[in-house]
Amino acid sequence: MTNAAKVVAITGASSGIGEATARQLAADGHHVFLGARRTDRLEALTRDIATVGGCAAFRRLDVTDSADVREFVAAARERYGRLDVLVNNAGVMPLSPLDALKVDEWDRTIDVNVRGVLHGIAAALPVMRAQGGGHFVNIASVGAYEVCATAAVYCASKFAVRAISEGLRQESPDGSIRVTLVSPGVTESELADTISDPVAREAMKTYRAVALPASAVARAIAYAISQPAQVDVNELVVRPTASA
Ligand code: NDP
3 MTNAAKVVAI TGASSGIGEA TARQLAADGH HVFLGARRTD RLEALTRDIA
53 TVGGCAAFRR LDVTDSADVR EFVAAARERY GRLDVLVNNA GVMPLSPLDA
103 LKVDEWDRTI DVNVRGVLHG IAAALPVMRA QGGGHFVNIA SVGAYEVCAT
153 AAVYCASKFA VRAISEGLRQ ESPDGSIRVT LVSPGVTESE LADTISDPVA
203 REAMKTYRAV ALPASAVARA IAYAISQPAQ VDVNELVVRP TASA
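For the sequence shown, position 236 (counting from the first letter as 1) is numbered 238 according to the working numbering, and the numbering increases by one without interruption.
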């Protein structure tokens, strides 16, 4: 491994932004460790990355299970000897009006988008403290800054990710832990597939017409990671130019 090469673990790497980030960072020479539930996708991605000369490995991961996230981080360390960056990317977006009372989907949104990020911090922070430094890249959304109808719970989850990220940053004044919040606008991925509400699903089709390729968000993540140790890129909002 060269000096500039980092060990980067990515949650939710089986599609969309996580997958694009894995490809981008591996192409940049980093060693990536990939987690998600669909291991067939991770296996194919790992193979693809190796085919073009990159370094990748994977493990099944459910971010709603804190012990599983701990084991995921431990496996990354075992594989590569350290963990420099954790990209807390796994997320779901089952939009619906609150009146629809989709309580199970509210719970899942909080479990994956909020608890998942906290589980990542709980697993990786002690490792990074022990090795003298590290970097969290937490994926929020433009929904971390503004709320719209059908997205109350999703936006709440992303406001939470933003708050947690800023708190973590403030608790690391010794400069050893960097925290970057990346907030994408609409981006091509499978995220809208988690919408079961027919009205919210239809509305998304128009909204998503100007979507960015996931590689645009991956490049923003790569930019934050590539900065010198004393530079912490705290917040990046990446929107399609054509967004309102
Ligand atoms: P995708 O649906 O393509 O990717 C979501 C990823 O999360 C998948 O790899 C999925 O893998 C994983 N995931 C879901 N639940 C779990 C779980 N319990 N444990 C582990 N992994 C899980 O969507 P995106 O790429 O768009 O989403 C990535 C992030 O970007 C999310 O946090 C999302 O909120 C955010 N975002 C996306 C935007 C967009 O327009 N696309 C805009 C703003 C933010 P698997 O199902 O295999 O477990």
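Built from N, CA and C at the ideal position, the CB exists for glycine as well.
Item: A125 versus T66 - alpha carbon distance; Value: 13 angstroms
Item: A218 versus P99, V9 and R25, residue with shortest Cα-Cα distance; Value: R25
Item: Alpha-carbon spacing of Y156 relative to I166, whole angstroms; Value: 15 angstroms
Item: Stretch pair the stretch 131-149 + the stretch 90-110: three plus CB contacts closer than 8 angstroms; Value: yes
Item: Euclidean distance between Cα positions of V129 and V34; Value: 17 angstroms
Item: Pick from A22, T208 and T13 that is closest to A216, judged by C-alpha positions; Value: A22
Item: 6 angstroms CB neighbourhood of A78 in its chain, flanking five on each side removed; Value: A11, F35 and L85
Item: Where the beta strand (DSSP E) containing A59 begins and where it ends; Value: C57 to R62
Item: Nearest-angstrom beta carbon gap, I19 and M95 [assumed within contact, 8 angstroms]; Value: Wrong, their Cβ atoms sit about 12 angstroms apart, outside the cutoff.
Item: Residues bridged to H121 (per DSSP); Value: Looking at the DSSP assignment, H121 forms no beta bridge with any residue, so it has no partner.
Item: M130: CB within 7 angstroms of a non-hydrogen atom of the ligand NDP; Value: no
Item: For R180, three-class secondary structure by DSSP; Value: strand
Item: Identity of the residue in I112, L127 and S17 nearest A153 by Cα; Value: I112
Item: Residue environment, Y82, which counts as buried when at least 16 other CB atoms sit within 10 Å; Value: buried
Item: Environment of E192 [buried if 16+ CB atoms lie within 10 Å]; Value: exposed
Item: Supposed contact pair P186 and V212 - C-beta distance, whole angstroms, cut 8 angstroms; Value: Their Cβ separation, rounded to whole angstroms, is 13 angstroms, which puts V212 and P186 out of contact at 8 angstroms.
Item: Residue span of the beta strand (DSSP E) that contains A38, given as start and end; Value: H33 to A38
Item: Reduced DSSP category for I197 - H, G, I as helix; E, B as strand; rest coil; Value: coil
Item: Of the residues V181, Q229 and G177, the one placed nearest R164, counting alpha carbons only; Value: V181
Item: Unbroken beta strand (DSSP E) run spanning A11, endpoints; Value: V9 to T13
Item: Where P186 falls: helix, strand or coil (DSSP); Value: strand
Item: Close-in-space but distant-in-sequence residues of the same chain around I51 (CB under 6 angstroms, 5 per side omitted); Value: A28 and A58
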